[in-house]
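Taken in sequence, the protein lines are chains A and B.
Following this note's numbering, the numbering of the first sequence begins with 401 at its first residue and continues without gaps.
Following this note's numbering, the numbering of the second sequence begins with 401 at its first residue and continues without gaps.
Using N, Cα and C, we set each Cβ at its ideal position, and we do this for glycine too.
Remember, it's a predicted structure, so these values are computed and weren't measured experimentally.
Report on the following structure.
Number of protein chains: 2
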Amino acid sequence: MNSRKLSKRVESVAPFYVMDVMTRAKTLEETGRDIVHMEVGEPDFATPMPIIQAGIKFLEKGDVHYTKAQGLVELREKISTFYQQQYNVLVSPERIFITPGASGALTVALGILLDQGDEVMMADPGYPCNSNLVTLFGGKPVMLSASSSDNYQLTAALVATAWSELSRGVMVASPSNPTGTMIDSVQMKALVNTVDAKKGFFISDEIYHGLVYQDRAVSALEYSDEVYVLNSFSKFFGMTGWRLGWLIVPEHAISAANRLVQNLYISAPTHSQYAALAAFSAETQALLIERKNEFKQRRDVLYDGLKALGFKMADKPQGAFYIYADCQAFTDDSYAFSLELLENAGVAVTPGLDFGVNGPERYLRFAYTTSLAQINLGLERIKVFLQTK
Amino acid sequence: MNSRKLSKRVESVAPFYVMDVMTRAKTLEETGRDIVHMEVGEPDFATPMPIIQAGIKFLEKGDVHYTKAQGLVELREKISTFYQQQYNVLVSPERIFITPGASGALTVALGILLDQGDEVMMADPGYPCNSNLVTLFGGKPVMLSASSSDNYQLTAALVATAWSELSRGVMVASPSNPTGTMIDSVQMKALVNTVDAKKGFFISDEIYHGLVYQDRAVSALEYSDEVYVLNSFSKFFGMTGWRLGWLIVPEHAISAANRLVQNLYISAPTHSQYAALAAFSAETQALLIERKNEFKQRRDVLYDGLKALGFKMADKPQGAFYIYADCQAFTDDSYAFSLELLENAGVAVTPGLDFGVNGPERYLRFAYTTSLAQINLGLERIKVFLQTK
Numbered sequence: 401m402n403s404r405k406l407s408k409r410v411e412s413v414a415p416f417y418v419m420d421v422m423t424r425a426k427t428l429e430e431t432g433r434d435i436v437h438m439e440v441g442e443p444d445f446a447t448p449m450p451i452i453q454a455g456i457k458f459l460e461k462g463d464v465h466y467t468k469a470q471g472l473v474e475l476r477e478k479i480s481t482f483y484q485q486q487y488n489v490l491v492s493p494e495r496i497f498i499t500p501g502a503s504g505a506l507t508v509a510l511g512i513l514l515d516q517g518d519e520v521m522m523a524d525p526g527y528p529c530n531s532n533l534v535t536l537f538g539g540k541p542v543m544l545s546a547s548s549s550d551n552y553q554l555t556a557a558l559v560a561t562a563w564s565e566l567s568r569g570v571m572v573a574s575p576s577n578p579t580g581t582m583i584d585s586v587q588m589k590a591l592v593n594t595v596d597a598k599k600g601f602f603i604s605d606e607i608y609h610g611l612v613y614q615d616r617a618v619s620a621l622e623y624s625d626e627v628y629v630l631n632s633f634s635k636f637f638g639m640t641g642w643r644l645g646w647l648i649v650p651e652h653a654i655s656a657a658n659r660l661v662q663n664l665y666i667s668a669p670t671h672s673q674y675a676a677l678a679a680f681s682a683e684t685q686a687l688l689i690e691r692k693n694e695f696k697q698r699r700d701v702l703y704d705g706l707k708a709l710g711f712k713m714a715d716k717p718q719g720a721f722y723i724y725a726d727c728q729a730f731t732d733d734s735y736a737f738s739l740e741l742l743e744n745a746g747v748a749v750t751p752g753l754d755f756g757v758n759g760p761e762r763y764l765r766f767a768y769t770t771s772l773a774q775i776n777l778g779l780e781r782i783k784v785f786l787q788t789k
Numbered sequence: 401m402n403s404r405k406l407s408k409r410v411e412s413v414a415p416f417y418v419m420d421v422m423t424r425a426k427t428l429e430e431t432g433r434d435i436v437h438m439e440v441g442e443p444d445f446a447t448p449m450p451i452i453q454a455g456i457k458f459l460e461k462g463d464v465h466y467t468k469a470q471g472l473v474e475l476r477e478k479i480s481t482f483y484q485q486q487y488n489v490l491v492s493p494e495r496i497f498i499t500p501g502a503s504g505a506l507t508v509a510l511g512i513l514l515d516q517g518d519e520v521m522m523a524d525p526g527y528p529c530n531s532n533l534v535t536l537f538g539g540k541p542v543m544l545s546a547s548s549s550d551n552y553q554l555t556a557a558l559v560a561t562a563w564s565e566l567s568r569g570v571m572v573a574s575p576s577n578p579t580g581t582m583i584d585s586v587q588m589k590a591l592v593n594t595v596d597a598k599k600g601f602f603i604s605d606e607i608y609h610g611l612v613y614q615d616r617a618v619s620a621l622e623y624s625d626e627v628y629v630l631n632s633f634s635k636f637f638g639m640t641g642w643r644l645g646w647l648i649v650p651e652h653a654i655s656a657a658n659r660l661v662q663n664l665y666i667s668a669p670t671h672s673q674y675a676a677l678a679a680f681s682a683e684t685q686a687l688l689i690e691r692k693n694e695f696k697q698r699r700d701v702l703y704d705g706l707k708a709l710g711f712k713m714a715d716k717p718q719g720a721f722y723i724y725a726d727c728q729a730f731t732d733d734s735y736a737f738s739l740e741l742l743e744n745a746g747v748a749v750t751p752g753l754d755f756g757v758n759g760p761e762r763y764l765r766f767a768y769t770t771s772l773a774q775i776n777l778g779l780e781r782i783k784v785f786l787q788t789k
């Protein structure tokens, strides 16, 4: 057989630029170079021990069959309680779907909402998988340039101005990847109401909730029962490899979501679901708060360090574990600069090009998913590199 | 906010009829009725102990982070070796993607291959999630009526006749769900060559390989390196709840598949991947062969029993754990009949309506995913029911 052409769909998905950085970092490490990794979008902490132990206990019983498509009732009840405690909102377990990661949750939400050609607004810079998934589902992501003065987030005014005949909905992420910035309660309410008035759908990516260092994170659910909320056990709960998240849908979408899940992935991993039952215990939560404080310390050190080196940043980012730093003082090509940093300073970071077309050549994303010692070492190396450049 | 309309995409996905059977069975059980379950498409056996132990051992280390998008190299090497041993074909680990179940594998394959409006041929009767996923990805499943004389499978002649301007490819499943029937080597070769001559893509669902009771199962990879093969740890390996499968792609699709995986699900569950490293050990394989023999015994008892009761079937199905039985002797509405069987005989089975439009009202699917004792009890109950009907 001859090689055949692949779908237009997949040809439209570009590889991530950070892959070049990671591949080169690996090669350097194989030759004995030491690399400080600040490109990784994954907590360095191990999964909390109570969750691990719950997973082991479940496996010891040996019964790892499918769960219901929607997920374990006990887990959905715990999540429901969590929403009442954290946000003072009532979300019935029937509206909660346990998914294979937040990726699975977004796949279900888009399957429910999107038809071919539908436009979805998002902030640029933003997490590239979100817009790529919209494309893969036949939709069209409309990237609105968000400015640092708006916390790199969409605003009600931006959305109202950009709304067109083809617009079907809006997707926000707070705290955001790559910027770590948040949408406050006033802006969230205005956004939800604006989209409501346009009769559009509202998807809120809340996977970094929990990892916030100043104000509390606001859920879109505080302003409407009709929004779609993505969340995950990966980031705050430290369960990345377990592939577990959840999706909250409006009442009228429950049946559709159930049909989609049955077809798309049958059910989320059973052992992960049982393990996650331990994620809300007092013991686990205490440990997670400790880690959050550790992340906060890292953020402060990294922010102050980058500032002292001449990187430009707006206010301290309020959450997640990223700093999106303007490196215009040193380069007008942050991609080339990221490879230079790697080669000459032994520091791996992610170039802005992975996050959109809103001046990405000015930005680098630093992830503080490594120890304070490594962060300090990285800052020191960058300092030496900049002096000799 | 008011309820809004959902996507045409999701409205086109019908609920499974077996859900009515399962819901009613649960209600009956809650009132104390005993039900024989032959509707379940999942092995009743627990995951083999060596796999469980490997999973526990991995969790005890506490490091459950993401793997590479493509999956653990060690696991892909084991699968590569498996293909050499089982089928005498060379499949490099680079062409193997570890996926969240075979559902994840099919999602990736369709993302690589399908654009809006592309037609994909499949056998009717067939597994409904396969055609539903094609619809969800904007494609159009073209269901070709397959006859019992062709083992309910597509033939090269059927495909050649039906091929049109809009046809983009073919998907086969051998052994098949719901029929348990297979494509032999002559027919597989003819099918692959026919689709090749049309310059179409070929997707082969091989998730029931291993569970075959007469001839060996033929892989499409024996006839071409350009086919897409789905497989799974769920059925033969007894790992349903672990959500782990794999996809084999042609060389030229590796880069596209990697980009898709990074966007669609980041990586398959890490603990499941480490556990699956024990799936190919001599100890596990010996256990799986024992189970296969148990399935064969069940098939024989169920087949003979249904035949004696007046159900019509072609040859004994060669694999999987299903018998697709013609119940025309008793009814012209197998859906109503399935609910009667449940209500009056306490036996749960799946109505043909879930598997297509090729005379489904004549068929019931019996799954022998329960013990011989239960199968015999079910047959006895059906006998009494038919006598008093």
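Considering just the uninterrupted stretch of the beta strand (DSSP E) at D515(A), what are its terminal residues? As a first step, residue 515(A) must be located in the first sequence, where it is residue number 115. Element bounds for D515(A): n/a, residue is neither H nor E.
When DSSP labels each residue in this structure, what does W642(A) get in the three-state scheme? As a position in the first sequence, residue 642(A) is number 242, starting the count at 1. Under the three-state reduction of DSSP, W642(A) is assigned to helix.
I want to see whether chain B comes within less than 9 Å of Q662(A), judged by CB atoms only; does it? Here residue 662(A) corresponds to residue number 262 of the first sequence, with the count starting at 1. Cβ-Cβ to chain B under 9 Å: yes for Q662(A).
Tell me which residues share the same chain as V534(B) and place their Cβ nearer than 6 Å to its Cβ, disregarding the 5 neighbours each side in the sequence. One-based indexing of the second sequence puts residue 534(B) at position 134. If we look at V534(B) and ignore the five residues flanking it on each side, its Cβ neighbours are V520, P541.
Name the chain A residues that come within less than 9 Å of R476(B), Cβ to Cβ? Translated into the one-based positions of the second sequence, residue 476(B) becomes position 76. Those do not exist, as R476(B) stays about 17 Å from chain A at its closest Cβ, beyond 9 Å.
Under a three-way DSSP split, which group does M401(A) fall into? On the first sequence, position 1 is the one that residue 401(A) refers to. A caution first: M401(A) carries a pLDDT of 44, below 50, which makes its placement in the model too unreliable to give a value.
State the DSSP-derived secondary structure class of F721(A), mapped to helix, strand or coil. Stepping through the first sequence from its first residue, residue 721(A) is reached at position 321. Here F721(A) sits in coil by DSSP.
Please return the same chain residues whose Cβ sits closer than 8 Å to the Cβ of P528(A), not counting the five positions on each side in sequence. Start at 1 with the first residue of the first sequence, and residue 528(A) comes out as number 128. Closer than 8 Å at Cβ, skipping near neighbours: F416, D754, F755, G756.
Relative to the alpha-carbon of R762(B), which residue among F482(B), L779(B), F730(B) has its alpha-carbon at the smallest distance? Looking up residue 762(B) in the second sequence gives position 362. If we check each option's Cα against that of R762(B), F730(B) comes out closest.
Going by other Cβ atoms of all chains shown within 10 Å of its Cβ, with 16 needed for buried, is A736(A) buried or exposed? As a first step, residue 736(A) is located in the first sequence; it is residue number 336 there, counting from the start. By the neighbour-count rule (16 or more Cβ atoms within 10 Å), A736(A) is not buried but exposed.
Leaving aside the five residues before and after L591(B) along the sequence, list all residues of the same chain whose C-beta is less than 6 Å from its C-beta, in chain order. Position 191 of the second sequence holds residue 591(B). For L591(B), where only same-chain residues beyond five positions count, the Cβ hits under 6 Å are A556.
Can you tell me the Cα-Cα spacing of V491(B) and F637(B), whole angstroms? Taking the second sequence and counting its residues from 1, the one referred to as residue 491(B) is at position 91. Taking the second sequence and counting its residues from 1, the one referred to as residue 637(B) is at position 237. Rounded to the nearest angstrom, the two C-alpha atoms are 20 Å apart.
Counted within 10 angstroms of its Cβ, other Cβ atoms place V586(B) as buried (16 or more) or exposed: Sequence index remark: in the second sequence, residue 586(B) carries index 186 (1-based). With fewer than 16 Cβ atoms within 10 Å of its Cβ, V586(B) is classed as exposed.
With a threshold of 9 Å between beta carbons, is A446(B) in contact with chain A? Numbered from its first residue, the second sequence carries residue 446(B) at position 46. Yes, because at least one Cβ of chain A sits closer than 9 Å to the Cβ of A446(B).
Just to confirm my understanding: we take Q484(B), look at its own chain, exclude 5 residues before and 5 after, and list those with CB closer than 7 Å. What are they? Here the question's residue 484(B) lines up with position 84 in the second sequence. Excluding the 5 residues flanking it on each side, Q484(B) has same chain C-beta neighbours closer than 7 Å at L490, in chain order.
Taking C-beta pairs closer than 9 Å, name the residues in chain A that C727(B) reaches, listed in chain order. For the purposes of this step, residue 727(B) is taken as residue 327 along the second sequence, with counting starting at 1. Correct list: empty, because the minimum Cβ distance to chain A is about 25 Å.
Within 9 Å, strictly: CB atoms of G471(A) and Q673(A): Taking the first sequence and counting its residues from 1, one reaches residue 471(A) at position 71. Taking the first sequence and counting its residues from 1, one reaches residue 673(A) at position 273. Cβ atoms of G471(A) and Q673(A): closer than 9 Å.
Taking beta-carbon pairs under 7 Å, can you tell me which members of the segment 515 to 547 of chain B lie near chain A? D515, Q516, C529, N532, L533, L536, G538
What's the gap between the Cα of V410(B) and the Cα of L536(A)? Your numbering for residue 410(B) matches position 10 in the second sequence. Your numbering for residue 536(A) matches position 136 in the first sequence. Roughly 15 Å between the two C-alpha positions.
Simplified DSSP state of Y613(A), which is helix, strand or coil: Translated into positions along the first sequence, residue 613(A) becomes position 213. Reduced to three states, the DSSP call for Y613(A) is coil.
Throw me the rounded Cβ distance for the L702(B) and F766(B) pair, which I believe falls under 8 Å. One-based indexing of the second sequence puts residue 702(B) at position 302. One-based indexing of the second sequence puts residue 766(B) at position 366. About 6 Å separates the two Cβ atoms, so the contact holds.
Mind checking A720(A): buried by the 16 CB within 10 Å criterion, or exposed? For the purposes of this step, residue 720(A) is taken as the residue at position 320 of the first sequence. Buried, since its Cβ has 16 or more Cβ neighbours within 10 Å.
How long is the line joining the alpha carbons of S790(B) and H609(B), rounded to whole angstroms? Not covered by the structure: residue 790(B). The range shown for chain B is 401 to 789.
Between S771(A), N776(A), L786(A), V784(A), which lies nearest to F793(A) when the distance is taken from Cα to Cα? Only positions 401 to 789 of chain A appear in the structure, and residue 793(A) is not among them; the question remains open.
What do you reckon, are the CB atoms on Y665(B) and P500(A) nearer than 9 Å? On the second sequence, position 265 is the one that residue 665(B) refers to. On the first sequence, position 100 is the one that residue 500(A) refers to. Yes, they are a contact pair.
The alpha helix (DSSP H) spanning D380(A) covers which residue range? Only positions 401 to 789 of chain A appear in the structure, and residue 380(A) is not among them; the question remains open.
Anyone know if the C-beta pair for L554(B) and L566(B) falls short of 9 Å? The residue given as residue 554(B) occupies position 154 in the second sequence. The residue given as residue 566(B) occupies position 166 in the second sequence. Contact flag unset, no.
In the DSSP assignment, what are the bridge partners of H437(B)? Counting from one through the second sequence, the residue named residue 437(B) turns up at place 37. A748(B), per the DSSP bridge assignment.
Near-chain A residues of the segment 765 to 788 of chain B (beta-carbon distance less than 8 Å), N- to C-terminal order: none
Those residues which DSSP pairs with Y763(A) across a bridge: Mapped onto the first sequence, residue 763(A) falls at position 363. The partner list for Y763(A) (beta bridge, DSSP) reads D726(A).
Nearest residue (CA-CA) to L786(B), options T769(B), S738(B), M419(B), R691(B): Indexing the second sequence from 1 puts residue 786(B) at position 386. When only C-alpha atoms are compared, the closest one is S738(B).
Quick check on DSSP: helix, strand or coil for V784(B)? On the second sequence, residue 784(B) is found 384 positions in, with the first residue counted as 1. Three-state result, V784(B): helix.
Cβ-based contacts, 8 Å cut-off: residues of the segment 490 to 511 of chain B near chain A: P500, G501, S503, G504, T507, G511
For S604(B) and chain A, any beta-carbon pair shorter than 9 Å? Position 204 of the second sequence holds residue 604(B). No, S604(B) does not count as interfacial toward chain A.
How is I498(B) classed by DSSP in three states: helix, strand or coil? Locating residue 498(B) in the second sequence gives position 98, counting from the first residue. In the structure shown, I498(B) sits in a strand (DSSP, three-state: E or B).
Excluding the five sequence neighbours on either side, which residues of its own chain have a C-beta within less than 7 Å of the C-beta of I759(B), listed in chain order? Within the second sequence, residue 759(B) is the residue found at index 359, counting from 1. It is worth fixing the name first, because residue 759(B) is Gly in this sequence and not Ile. There are no such residues.
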